Amino acid sequence: MVNADAHIALVRAPNPSPMTLSGTNSYLVDGGNGTALVIDPGPALEQHVDALLQAARERDVRIETIAITHGHPDHAPASAMLSQATGARIYAHPASSVPRDANLALDGVLHAGTRALRVMDAPGHTLEHVVFYDPIAQTLFTGDTILGEGTVVIAPPGGAMRPYQRTLERLAREFPDAQTIRGGHGPLVTDARAKIAEYIAHRKEREQQLFDALGDGPQTIPELVQRIYGDTKRALWPAAARQLLAYLEALEAESHVSVRPLARPMNEDERALLNPDWATLVDRDLAAVVEAELGTAYRIDVLNRYELS
Ligand SMILES: [Zn+2]
Numbered sequence: 623m624v625n626a627d628a629h630i631a632l633v634r635a636p637n638p639s640p641m642t643l644s645g646t647n648s649y650l651v652d653g654g655n656g657t658a659l660v661i662d663p664g665p666a667l668e669q670h671v672d673a674l675l676q677a678a679r680e681r682d683v684r685i686e687t688i689a690i691t692h693g694h695p696d697h698a699p700a701s702a703m704l705s706q707a708t709g710a711r712i713y714a715h716p717a718s719s720v721p722r723d724a725n726l727a728l729d730g731v732l733h734a735g736t737r738a739l740r741v742m743d744a745p746g747h748t749l750e751h752v753v754f755y756d757p758i759a760q761t762l763f764t765g766d767t768i769l770g771e772g773t774v775v776i777a778p779p780g781g782a783m784r785p786y787q788r789t790l791e792r793l794a795r796e797f798p799d800a801q802t803i804r805g806g807h808g809p810l811v812t813d814a815r816a817k818i819a820e821y822i823a824h825r826k827e828r829e830q831q832l833f834d835a836l837g838d839g840p841q842t843i844p845e846l847v848q849r850i851y852g853d854t855k856r857a858l859w860p861a862a863a864r865q866l867l868a869y870l871e872a873l874e875a876e877s878h879v880s881v882r883p884l885a886r887p888m889n890e891d892e893r894a895l896l897n898p899d900w901a902t903l904v905d906r907d908l909a910a911v912v913e914a915e916l917g918t919a920y921r922i923d924v925l926n927r928y929e930l931s
């Protein structure tokens, strides 16, 4: 039997962290004509760029194209180094701020040698996210839209919940033939449809928990975090807070929830939860990744009380 995905190689970047799991997954797709495509070159680490060049040499292919799923600092920055070393053209979402040679054709195709990957506009984790589909390997390259393990952070203002949920629904609807998922972090997902269904269900469940909590009266985000994520590690609470903010912003826009600022200033615990100072908590490279993933450059200055309307 011919292995339908033997033309795809995973090169994992040496940037493990709670945010990036075992590291960023970069993929080398052999185009079948002596050229290759790299999806998500990863962080700007020389060692990792060398590993990508080495993977191409081993397969006797020339990296001609670079495509990024989204612009976060653990996915995109190596593009420039890799392009410089190979002359490859960089493709990104039209709304991306990443320096590039061309825009990806949203809901069109991206050619990798003799192969044609479908490109799906996939807003949610960021608003400039795409997912690629390789119909030969029947695999989805999902970046941070779906990971190999755990769930994804959707944090405003870079990310938005309803677009994210619509993206998941589209993946379920438009790729019935997908067998596997190759996410931006974590292991290969061997049951694509089950994973997408699990992600859709998880979001609905969290939103229901939020609704149930608000049913008991108006609450602030720190109160809601304690209630809904009480048994989650405290280190993850700032991420949980931003996650709830994403739901609350959606519910507010849909007039299901109303918002009123509290008259008192936030206390130290509330401030640390809502506006964590990553630079004092983790090293500088990781701080940049966490900041981007959680959108914490966007400061929450007012303590709001949320109420069902
Ligand atoms: Zn990301």
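So the sequence shown is numbered by the working numbering: it starts at 623 and just counts up by one.
Backbone N, C-alpha and C fix where the C-beta goes; we use that ideal spot for every residue, glycine too.
Fair warning: this is a prediction, and the values are worked out from it, not measured in the lab.
{"query": "Decide if residue 838 is buried, meaning its Cβ has at least 16 other Cβ atoms within 10 Å, or exposed.", "result": "exposed"}
{"query": "Does the beta-carbon distance from residue 647 to residue 806 come in below 8 Å?", "result": "yes"}
{"query": "Report the residue from 803, 687 and 666 whose alpha carbon sits nearest the alpha carbon of residue 653.", "result": "687"}
{"query": "When the Cα of residue 738 is compared with those of 744, 722 and 756, which residue comes out closest?", "result": "756"}
{"query": "Any heavy atom of ligand 1 closer than 7 Å to the CB of residue 766?", "result": "yes"}
{"query": "Starting from the C-beta of residue 829, find all residues in its chain whose C-beta is less than 6 Å away, skip the five residues before and the five after it, and write them out in chain order.", "result": "869"}
{"query": "Using only the heavy atoms of ligand 1, determine whether one of them is closer than 7 Å to the beta carbon of residue 715.", "result": "no"}
{"query": "Excluding five sequence neighbours on each side, which residues of the same chain lie with their C-beta closer than 7 Å to the C-beta of residue 743?", "result": "728, 729 and 752"}
{"query": "Between residue 650 and residue 633, which are expected to be in contact by the criterion C-beta below 8 Å, what is the C-beta distance as a whole number of angstroms?", "result": "6 Å"}
{"query": "Once the 5 residues before and after residue 965 are set aside, which same chain residues still bring their CB inside 6 Å of it?", "result": "Any property of residue 965 remains undetermined from this structure, which presents the chain solely from 623 to 931."}
{"query": "Does the Cβ of residue 915 lie closer than 7 Å to at least one heavy atom of ligand 1?", "result": "yes"}
{"query": "Looking at the unbroken alpha helix (DSSP H) that takes in residue 704, where does it start and where does it end?", "result": "700-708"}
{"query": "Would you please state the rounded distance, in angstroms, between the beta carbons of residue 915 and residue 694? I believe it to be under 8 Å.", "result": "7 Å"}
{"query": "Looking at residue 692 and ligand 1, is the gap between the Cβ and the nearest heavy atom below 7 Å?", "result": "yes"}
{"query": "Per the DSSP calculation, residue 634 is bridged to which residue(s)?", "result": "647"}
{"query": "Hey, is residue 937 close to ligand 1, as in C-beta under 7 Å from one of its heavy atoms?", "result": "Absent from the structure is residue 937, since the part of the chain shown begins at 623 and ends at 931."}
{"query": "Under 8 Å, with one C-beta from each stretch per pair, do the stretch 796-806 and the stretch 767-777 reach the 3-pair mark?", "result": "yes"}
{"query": "With which residues is residue 657 paired in a DSSP beta bridge?", "result": "684"}
{"query": "How should residue 750 be labelled, buried or exposed, when 16 other C-beta atoms within 10 angstroms of its C-beta is the threshold for buried?", "result": "buried"}
{"query": "Can you tell me whether DSSP reads residue 733 as helix, strand or coil?", "result": "strand"}
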